[in-house]
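Working notes, beginning with the structure itself.
There are 2 protein chains.
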Amino acid sequence: MPASQSLDSFDRAILAILQKDNTTPQRAIGEAVNLSAPAVQRRIKRMEETGIIRANVALVDPAKVGHPITLFVEVEVESERAELIDAAKRSFIAVPEVQQCYYVTGDADFILVITVATMADYEALTRRLFFENNNVKRFRTFVAMDRVKVGLEVPV
Amino acid sequence: MPASQSLDSFDRAILAILQKDNTTPQRAIGEAVNLSAPAVQRRIKRMEETGIIRANVALVDPAKVGHPITLFVEVEVESERAELIDAAKRSFIAVPEVQQCYYVTGDADFILVITVATMADYEALTRRLFFENNNVKRFRTFVAMDRVKVGLEVPV
DNA sequence: ATCCAGACGAAACAAACTTGCAATCAGATG
DNA sequence: CATCTGATTGCAAGTTTGTTTCGTCTGGAT
């Protein structure tokens, strides 16, 4: 019984379904996992409250809404002083075109995933985000030719 | 009027909401964008049919389901012959731990986003995905220390 | 053996989604 | 300039889905 424990096999089965399609009716989920609809609903609610489910969202095809270009950027900073790193994080978060931003170990400090309409837009973005930021030492761009697999699904 | 044209400002407003929370009642969306609930519903349906909305999913916190480690991998291949590239794509797609896979230009050929429970798991994965694949020339790993911003939201 | 907390299912209930229909608007056509 | 056509809208009815209630059951601790 999943009291304050995190996850039992029912929860995992439910998550697997919701990560594919969260419009699946609770009754259908119930049948799939051998549970009643209310039981499913209670488990979903708990997982939302505990943050296991971070959000419920629609995934949009970037190309079909005018953002056909996806880019990766490795950013290396000059100084790793905490306040400068935090400032960089805030500046990346604030930009809608920055879909994802990770602070990483290795040859780079940040990795960004960016979507834009045109390369000119990206050029303008680099100006704002990198050239105008004195703490950015250098950055390296990769252009996605094929979005082979795109999702945030986590194996459960 | 959004006939076969892609998107008008209503659609964009609806998408902006659904990308944040697709459990928002259509009536509430209607109020927000000044449209009746059925009108909202018909627009959503069309966007789903045309693939503008790729999917409706729950986002799960990887750390809370036992996958606390996120990794980036740049993969460089030996040969870019089409059939070898396709084989690589297929092998990456097939692995659940590979959340995202992009075929890119630049110093690398693929960029992968991977989530795992432990570094030992990652080590095992590298064995399967990279060392056992003769076409992988080299790969470079970045470990995420902070998932600063994680989403697939597209500005509309 | 008893009690208690947590979880369950069935059924009633409420809310949301979906559909049919008449009215409206914009642009094309005669 | 009137009319026609196609697309979209809002309303209201109908249907599906989500939510709450309530009585029961199980397992663990006293």
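Sequence lines, in order, name chains L and H.
All residue numbers for the first sequence refer to the numbering used here, where the first residue is 27 and numbers rise by one.
All residue numbers for the second sequence refer to the numbering used here, where the first residue is 27 and numbers rise by one.
Just so you know, even glycine gets a beta-carbon here, dropped at the ideal spot from N, CA and C.
Just so we're clear, the structure is a prediction, and the values are computed from it rather than from any experiment.
query                                                                                                                                : result
8 Å Cβ cutoff, T96 of chain L in contact with chain H                                                                                : yes
Closer than 7 Å at the beta carbon, the chain H residues around R80 of chain L                                                       : L85, V86 and D87
Segment contact flag, the segment 138-145 of chain H with the segment 113-129 of chain H, C-beta cutoff 8 Å, min 3 pairs             : yes
Beta carbon proximity, G132 of chain L to chain H, threshold 8 Å                                                                     : yes
CB contact flag (V142 of chain H, I95 of chain H, <8 Å)                                                                              : yes
Proximity below 8 Å, CB of V86 of chain H to CB of I78 of chain L                                                                    : yes
Chain L contact residues for A170 of chain H, given Cβ-Cβ distances below 9 Å                                                        : Y128, Y129, V130, T131 and I137
Where E123 of chain L meets chain H, residues with beta-carbon distance less than 7 Å                                                : P181
Chain-order list of residues whose beta-carbon lies under 6 Å from that of A39 of chain H (same chain, five-residue window excluded) : V59
Min CB distance K46 of chain L to chain H below 8 Å                                                                                  : yes
Per DSSP, the bridge partner or partners of Q45 of chain H                                                                           : Q45 of chain H pairs with nothing; no bridge assigned.
Contact between the segment 94-114 of chain H and the segment 164-172 of chain H (3+ Cβ pairs under 8 Å)                             : yes
Beta carbon proximity, T152 of chain H to chain L, threshold 8 Å                                                                     : no
Beta-carbon proximity check, D172 of chain H vs A81 of chain L, cutoff 8 Å                                                           : no
Sequence-distant residues of its chain with Cβ nearer than 6 Å to F156 of chain H (five each side left out)                          : V162 and F165
Short Cβ contact (8 Å threshold) for A65 of chain L with V182 of chain L                                                             : no
Nearest residue (CA-CA) to H93 of chain H, options H:F168, H:V180 and H:Y148                                                         : H:Y148
CB contact check: R53 of chain L to chain H, cutoff 8 Å                                                                              : no
Same chain, Cβ closer than 8 Å to Q67 of chain L, five either side skipped, listed in chain order                                    : Q52
Collapsed DSSP secondary structure at K163 of chain H in the structure displayed                                                     : strand
Nearest-angstrom beta carbon gap, V130 of chain L and F118 of chain H [assumed within contact, 8 Å]                                  : That belief does not hold up - the Cβ atoms of F118 of chain H and V130 of chain L are roughly 20 Å apart, past 8 Å.
Straight-line gap, D133 of chain L to I55 of chain H (C-alpha atoms, nearest Å)                                                      : 45 Å
Boundaries (first-last residue) of the beta strand (DSSP E) holding A134 of chain H                                                  : Careful: A134 of chain H lies outside any beta strand (DSSP E) and carries neither H nor E.
Contact with chain H by R173 of chain L, beta-carbon distance below 8 Å                                                              : yes
Alpha carbon of F36 of chain L to alpha carbon of K71 of chain L, nearest angstrom                                                   : 14 Å
Beta carbon proximity, G177 of chain L to chain H, threshold 8 Å                                                                     : yes
Neighbour-count burial assignment, E179 of chain H, 16 or more Cβ in a 10 Å radius                                                   : buried
For Q126 of chain L: DSSP bridge partner residues                                                                                    : L:V139
Residue from H:E106, H:A146 and H:S105 with nearest C-alpha to L97 of chain H                                                        : H:A146
Cα-Cα separation between V176 of chain L and S62 of chain H, rounded to whole angstroms                                              : 33 Å
Inter-residue spacing [alpha-carbon to alpha-carbon] between E75 of chain L and S32 of chain L                                       : 12 Å
V91 of chain L vs V83 of chain H beta-carbon contact at 8 Å                                                                          : no
Residue-level contact to chain L via CB, G77 of chain H, 8 Å cutoff                                                                  : yes
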